[in-house]
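Engineer: Chains as they are written, first to last, in the UniProt record's numbering: chain A, 1 to 261; chain B, 1 to 177. Glycine included, C-beta positions come from ideal geometry on N, C-alpha and C. Have a look at this one before I ask anything.
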């Protein structure tokens with residue numbers, strides 16, 4: 001028999017789940033003894049379902065471990081089980097007192113466990129909030145940076161309009177003549193397809209000479225406002241879609257947006 | 001630890017054996033029991049009962065009956081279903097198939113677990129809904145192929161392979177190769 005087919009039939013899963021007849025069980029056991037790959041598959045299936053059921057189980061307090069341990073070790077370990085003792089009247093009061101005390105201890109323990117659970121929950125919450133706060137701070141810094149670029153006195157804005165391949169697309173280029181910095185706002189461009197990136201070109205018009213000033217791997221970084229290389233005296237800017245890594249010259253059929261200074 | 005090594009230890013029935021057994025399987029079994037009973041206290045009670053049964057009957061287990069885990073899984077499922085029957089949870093028994101192991105994450109009321117539950121939901125969400133139902137019926141609730149086929153209205157002949165595909169998907173998610 002082909003082992004792959006045997007494994008793929010799904011019988012091993014049912015074996016681990018305990019859904020086979022005794023005869024089928026024996027057959028699987030025999031196969032597993034003969035073929036290590038069958039045995040390994042059984043172990044992996046078992047591991048997966050143990051993992052799954054483990055992870056969906058509610059919190060199991062340490063108290064349970066101790067309780068079950070006591071029952072098993074004290075009552076069920078020896079060969080001779082302990083017989084219940086004969087009762088007489090005299091120790092009743094003592095037992096009653098003990099019971100009250102136990103209840104008290106049990107109650108305290110319960111309270112303690114609850115408090116422990118709460119502490120755990122609160123500290124988990126705190127960690128979550130801390131990381132949320134950190135994320136927000138990063139986001140805020142990004143926002144501020146973007147705003148500063150847009151607002152800067154020396155920034156001029158060049159609107160890039162959508163071209164034939166993407167009439168609805170648009171972009172903006174901010175040229176800061178003072179700081180000699182150029183930023184591109186990519187928010188109006190569609191998500192690039194898998195394996196493609198946007199490339200930014202500075203253009204001189206006569207004769208038409210494109211120069212690459214940046215390849216954008218993640219157009220959504222920094223709120224979509226991204227710094228590219230500075231290029232003095234550009235007369236126009238264009239954005240094309242290029243294979244990952246960018247191209248030496250722009251693929252003009254994939255010209256998304258274009259704008260004159 | 002292999003099953004053989006584990007069994008060698010458990011046969012001794014000492015404290016160390018218990019700890020090993022408990023550490024390896026208690027949460028998994030508790031997850032199965034809780035999926036069926038949906039009540040923490042009652043599930044803890046059954047878990048205790050299951051461990052007593054394992055402990056008392058360990059000598060009757062042998063490998064020709066299947067994996068050790070399968071043996072204790074069966075004890076856990078059967079004890080839970082017995083409890084549902086004896087307590088006259090007739091509705092629960094009838095509605096056994098309507099709730100699955102993902103729904104029970106919502107029943108987990110303790111705050112600690114809620115946070116875990118969010119993370120777990122994230123990974124379980126990657127499973128197809130069909131797979132969740134199939135794994136729920138066959139693994140957690142011990143339905144036969146016939147019962148699962150009736151319940152989910154899928155051809156009997158495909159239950160086994162569909163389940164295989166679902167477990168493979170689960171293994172990819174859990175990275176158990």
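Give a yes or no on whether the minimum CB-CB distance between residue 106/A and chain B is below 9 Å.
Structural biologist: No, its Cβ sits nowhere closer than 9 Å to a Cβ of chain B.
Engineer: Between the segment 28-43 of chain A and the segment 152-170 of chain B, are three or more C-beta pairs nearer than 8 Å?
Structural biologist: No, they do not touch.
Engineer: Mind listing which residues of the segment 10-40 of chain A have their C-beta closer than 9 Å to chain B's C-betas, in chain order?
Structural biologist: The residues in question are 10, 11, 12, 13, 14, 15, 16, 17, 18, 19, 20, 22, 25, 26, 28 and 29.
Engineer: So residue 173/A and residue 246/A are supposed to be a Cβ contact under 8 Å. How far apart are they, rounded?
Structural biologist: About 18 Å; that fails the 8 Å criterion.
Engineer: Verify the CB distance criterion: does residue 27/B have a CB-CB separation below 9 Å to chain A?
Structural biologist: So yes, residue 27/B belongs to the interface.
Engineer: Measuring only between beta-carbons, confirm whether residue 30/B sits less than 9 Å from chain A.
Structural biologist: Closer than 9 Å to some Cβ of chain A, the Cβ of residue 30/B qualifies, so yes.
Engineer: Going residue by residue through the UniProt domain "RNA polymerase sigma-70 region 4" (125-171) of chain B, where are the continuous alpha helix (DSSP H) segments of at least 4 residues, counting only ones entirely within it?
Structural biologist: For the UniProt domain "RNA polymerase sigma-70 region 4" (125-171) of chain B, whole alpha helix (DSSP H) runs of length 4 or above, ordered along the chain, are 129-135 and 145-152.
Engineer: Kindly list the residues whose CB is nearer than 6 Å to the CB of residue 83/A, restricted to its own chain and excluding five residues on each side of it in sequence; keep chain order.
Structural biologist: Reliability of the predicted coordinates at residue 83/A is poor, the pLDDT of 38 falling under 50, and the value obtained from them is presented with this limitation in mind. Counting only Cβ-Cβ distances below 6 Å, and skipping sequence neighbours, we find nothing.
Engineer: 9 Å is my cut-off, CB to CB: does residue 110/B come that close to chain A?
Structural biologist: Its pLDDT being 48, under 50, residue 110/B is placed unreliably in this model, and the value from its coordinates should be taken loosely. Taking Cβ atoms only, chain A reaches closer than 9 Å to residue 110/B, which makes this a yes.
Engineer: For residue 233/A, is the classification buried or exposed, using 16 other Cβ atoms within 10 angstroms of its Cβ as the cut-off for buried?
Structural biologist: It is exposed - the Cβ of residue 233/A has fewer than 16 other Cβ atoms within 10 Å.
Engineer: If you draw a straight line from the alpha carbon of residue 26/B to that of residue 64/A, how long is it in whole angstroms?
Structural biologist: One C-alpha to the other measures close to 10 Å.
Engineer: Checking the sheet assignment: what are the DSSP bridge partners for residue 237/A?
Structural biologist: Answer by DSSP bridge pairing, in chain order: 202/A and 259/A.
Engineer: Examine the Cβ distances between the segment 138-146 of chain A and the segment 105-119 of chain A and report whether three or more of them are shorter than 8 Å.
Structural biologist: The segment 138-146 of chain A is not in contact with the segment 105-119 of chain A.
Engineer: Thinking residue 15/A and residue 66/B are a contact (beta carbons under 8 Å), I'd like their distance in whole angstroms, please.
Structural biologist: Right, their Cβ atoms sit about 6 Å apart.
Engineer: Short of 9 Å Cβ to Cβ, which residues in the segment 60-82 of chain B face chain A?
Structural biologist: Those would be 63, 64, 65, 66, 67, 69, 70, 71, 73, 74 and 77, in chain order.
Engineer: Report back the beta-carbon spacing between residue 213/A and residue 182/A to the nearest angstrom; my notes put them in contact at under 8 Å.
Structural biologist: About 7 Å separates the two Cβ atoms, so the contact holds.
Engineer: Please classify residue 168/A: does DSSP put it in a helix, a strand, or coil?
Structural biologist: If DSSP states are grouped into helix, strand and coil, residue 168/A belongs with coil.
Engineer: Can you give me the C-alpha to C-alpha distance between residue 131/B and residue 123/A, rounded to a whole angstrom?
Structural biologist: Looking at the two C-alpha atoms, the distance is approximately 35 Å.
Engineer: Okay, do the segment 34-47 of chain B and the segment 70-88 of chain B touch, 3+ Cβ pairs below 8 Å being the bar?
Structural biologist: The answer is yes - the segment 70-88 of chain B touches the segment 34-47 of chain B, with three or more Cβ pairs under 8 Å.
Engineer: Taking Cβ positions, are residue 284/A and residue 34/B nearer each other than 9 Å?
Structural biologist: Because chain A here runs from 1 to 261, residue 284/A falls outside it and cannot be looked at.
Engineer: Please name the residue, chosen from 13/A, 150/A and 5/A, that lies closest to residue 50/A on a Cα-to-Cα basis.
Structural biologist: It is 13/A.
Engineer: Along the segment 47-71 of chain A, what residues have a CB closer than 8 Å to any CB found in chain B?
Structural biologist: Listed by position, the residues of the segment 47-71 of chain A near chain B (Cβ gap below 8 Å) are 47, 48, 49, 50, 51, 52, 53, 54, 55, 56, 57, 58, 59, 60, 64, 65, 67, 68, 69 and 71.
Engineer: So with Cβ pairs under 9 Å, would you call residue 22/B a contact of chain A?
Structural biologist: Yes, residue 22/B counts as interfacial toward chain A.
Engineer: Of the choices 153/B, 103/B, 15/B and 167/B, whose alpha-carbon is the least far from that of residue 139/B?
Structural biologist: Ranking the options by Cα distance to residue 139/B, first place goes to 167/B.
Engineer: Can you find a CB in chain A that lies within less than 9 Å of the CB of residue 145/B?
Structural biologist: Chain A, which has a Cβ nearer than 9 Å to the Cβ of residue 145/B, makes this yes.
Engineer: Could you tell me whether the Cβ of residue 8/A comes closer than 9 Å to any Cβ of chain B?
Structural biologist: It does: the Cβ of residue 8/A has a partner Cβ on chain B nearer than 9 Å.
Engineer: With residue 198/A and residue 208/A assumed to form a contact (beta carbons below 8 Å), what rounded beta-carbon distance in angstroms separates them?
Structural biologist: Actually they are not in contact, since the Cβ atoms of residue 198/A and residue 208/A sit about 20 Å apart, beyond 8 Å.
Engineer: Name, please, each residue of chain A whose Cβ falls closer than 9 Å to the Cβ of residue 160/B.
Structural biologist: Correct list: 9, 10, 11, 13 and 14.
Engineer: Between residue 225/A and chain B, is any beta-carbon pair separated by less than 9 Å?
Structural biologist: No, no contact with chain B.
Engineer: Going straight from the alpha carbon of residue 56/A to that of residue 29/B, what length do you get?
Structural biologist: Answer to the nearest angstrom: the Cα atoms are 11 Å apart.
Engineer: Closer than 7 Å, Cβ to any Cβ of chain B: which residues of the segment 195-220 of chain A, in chain order?
Structural biologist: Of all residues in the segment 195-220 of chain A, none has a Cβ within less than 7 Å of some Cβ in chain B.
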